[in-house]
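Residue numbers (the working numbering), protein chains in the order written: chain A, 25 to 209; chain B, 0 to 187. What follows is a set of notes on a single structure, which appears directly below.
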């Protein structure tokens with residue numbers, strides 16, 4: 025099956041980075057820093073931390089890109105590195121929250137599978153800051169649209185079912201925050 | 000301007016200009032290391048030394064008598080080339096006041112590795128025709144083969160990446176063509 029142009033261009037960029045082309049690395053940073061910053065900012069407490077984590081992420085990318093054997097995995101790989109780097113800021117705190125949802129009943133969640141549409145970006149942006157870290161993270165990845173559910177599972181290092189359930193709970197939580205806000209403008 | 004939820008969210012992210020500026024500087028520093036003060040002048044010193052080597056070895060390569068062994072003359076030429084390389088690198092770093100960690104470090108490593116390999120080869124070629132010479136050649140060969148293996152690996156890796164790049168460029172053009180030929184899309 026033919027691949028889309030964006031995927032091919034992304035792979036080309038990775039190969040140029042692997043050959044040590046400085047311009048390619050600048051291009052990679054330009055293309056991804058906005059999305060990675062948005063993701064990291066949702067994981068750490070302050071903006072300053074987010075910039076520091078982002079910088080550390082690029083250092084790890086620069087060191088490790090030669091070993092990236094499958095260039096098409098770039099988005100997953102970048103989010104994995106960003107997450108690992110951010111992990112030092114919230115280690116422990118996050119795991120507890122996440123574990124509670126590992127055994128979620130998917131059958132029960134299937135009922136809640138209706139497609140929720142979040143349209144008001146400003147409200148969503150602020151509401152993201154008021155839900156739990158685990159929910160915030162999975163929803164941010166979902167909103168950034170760079171990864172499939174399988175790739176999200178890889179980034180979050182959890183089974184696919186957990187991603188689905190966590191995403192569902194996260195949407196519920198976000199919706200609840202938005203509704204509360206609408207109720208008390 | 001794209002107005003998907005993703006793009007709207009990304010635009011919502013407020014950044015502090017001072018923090019962004021600091022980050023940009025650090026990213027730049029990641030790829031380029033600033034060289035100031037005495038270190039910058041040390042690079043100029045190495046450029047001058049490079050010119051000195053070039054003049055010295057270049058002159059020796061030219062003025063040595065005709066009966067001087069060819070291997071020795073080649074050694075002098077290699078030394079002169081090494082000097083030119085260092086002179087250019089030193090001058091570039093001095094002028095820019097920064098070292099490009101990928102390009103300049105690679106060039107320095109290449110030169111530092113290349114000259115001993117050339118000299119080693121020359122010593123092996125001009126080794127005496129005796130058991131001592133044979134020992135010299137065998138121990139030299141070990142290093143030479145190791146160096147060659149590294150070089151070959153690098154060349155193979157680079158060619159493989161270039162081939163993959165070319166294939167992807169073709170694939171990209173085909174994808175562009177397929178997009179243009181999509182029904183309902185004007186072809187001109």
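No residue lacks a Cβ here, since even glycine has one placed at the ideal position from N, Cα and C.
Residue nearest to residue i in terms of C-alpha spacing, selected from the options
i             : options                    : result
residue 125/B : 94/B, 72/B, 157/B          : 72/B
residue 143/B : 112/B, 130/B, 168/B, 92/B  : 112/B
residue 90/A  : 174/A, 191/A, 44/A         : 44/A
residue 77/B  : 54/B, 149/B, 95/B, 99/B    : 54/B
residue 190/A : 156/A, 148/A, 107/A, 103/A : 156/A
residue 197/B : 66/B, 58/B, 65/B, 94/B     : Beyond the ends of chain B as shown, which are 0 and 187, falls residue 197/B; an answer cannot be given.
residue 161/B : 145/A, 37/A, 154/A         : 37/A
residue 45/B  : 114/B, 87/B, 115/B, 64/B   : 87/B
residue 14/B  : 71/A, 67/A, 49/A, 175/A    : 71/A
residue 49/A  : 77/A, 83/A, 32/A           : 83/A
residue 177/A : 107/A, 149/A, 146/A, 142/A : 107/A
residue 56/A  : 174/A, 34/A, 46/A          : 34/A
residue 180/A : 110/A, 149/A, 51/A         : 110/A
Residues of its chain near residue i, where Cβ-Cβ distance is below 7 angstroms and the 5 sequence neighbours each way are ignored
i             : result
residue 196/B : Absent from the structure is residue 196/B, since the part of chain B shown begins at 0 and ends at 187.
residue 7/B   : none
Close beta carbons around residue i, own chain, < 8 angstroms, minus the five adjacent residues each side
i             : result
residue 97/B  : 31, 32, 33, 34
residue 151/A : 198, 201, 202, 205
residue 137/B : none
residue 68/B  : 125
residue 39/A  : 95
Chain-ordered chain A contacts of residue i [CB-CB under 7 angstroms]
i            : result
residue 72/B : Chain A residues near residue 72/B: none, gap ~35 angstroms exceeds 7 angstroms.
Secondary structure of residue i, DSSP reduced to three states
i             : result
residue 32/B  : strand
residue 97/B  : strand
residue 127/B : coil
residue 242/A : Outside the displayed span of chain A (25 to 209) sits residue 242/A, for which this structure offers no information.
residue 109/A : helix
residue 11/B  : helix
residue 12/A  : The structure shown has nothing for residue 12/A, since chain A only spans 25 to 209.
residue 16/B  : helix
residue 120/A : Any reading at residue 120/A must be qualified, since the residue scores a pLDDT of 45, below 50, and its modelled position is unreliable; the value itself is stated next. Note: residue 120/A maps to helix in three-state DSSP.
residue 197/A : helix
residue 181/A : coil
residue 189/A : helix
residue 78/B  : helix
residue 50/A  : helix
Cutoff 6 angstroms; reference residue i; Cβ partners in own chain excluding five residues on either side
i            : result
residue 84/B : 110
Contacts that residue i makes with chain A (C-beta to C-beta distance below 8 angstroms)
i             : result
residue 174/B : 26, 27, 28, 29, 32
residue 178/B : 29
residue 4/B   : 142, 143, 145, 148, 167
Chain B contact residues for residue i, given Cβ-Cβ distances below 7 angstroms
i             : result
residue 43/A  : 157, 160
residue 72/A  : 18
residue 83/A  : 29
residue 35/A  : 167
residue 175/A : Residues of chain B passing the Cβ test: none, with the nearest at roughly 16 angstroms.
Under 9 angstroms by beta carbon: chain B residues contacting residue i
i             : result
residue 39/A  : 160, 161, 163, 164, 167
residue 149/A : 7, 8, 11, 12
residue 157/A : Within chain B, no residue comes near residue 157/A; the closest Cβ sits about 17 angstroms away, beyond 9 angstroms.
Neighbour list for residue i in chain A, Cβ cutoff strictly below 9 angstroms
i             : result
residue 102/B : 44, 46
residue 15/B  : 71, 72, 75
Checklist line | Chain-ordered residues of the stretch 45-67 of chain A with a beta carbon less than 9 angstroms from chain B | finding: 45, 46, 49, 50, 53, 57, 58, 59, 61, 62, 65
Next item on the list: Anything in the stretch 20-34 of chain B with a Cβ closer than 8 angstroms to a Cβ of chain A? List those residues in chain order, please.
Entry: 21, 22, 25, 26, 29, 30
Margin query: Please list, in chain order, the residues of the stretch 130-157 of chain B that have any C-beta partner in chain A closer than 7 angstroms.
Written below: 157
Notebook entry, point to check: Using a Cβ cut-off of 7 angstroms, which residues of the stretch 86-107 of chain A contact any Cβ in chain B, in chain order?
Noted result: 86
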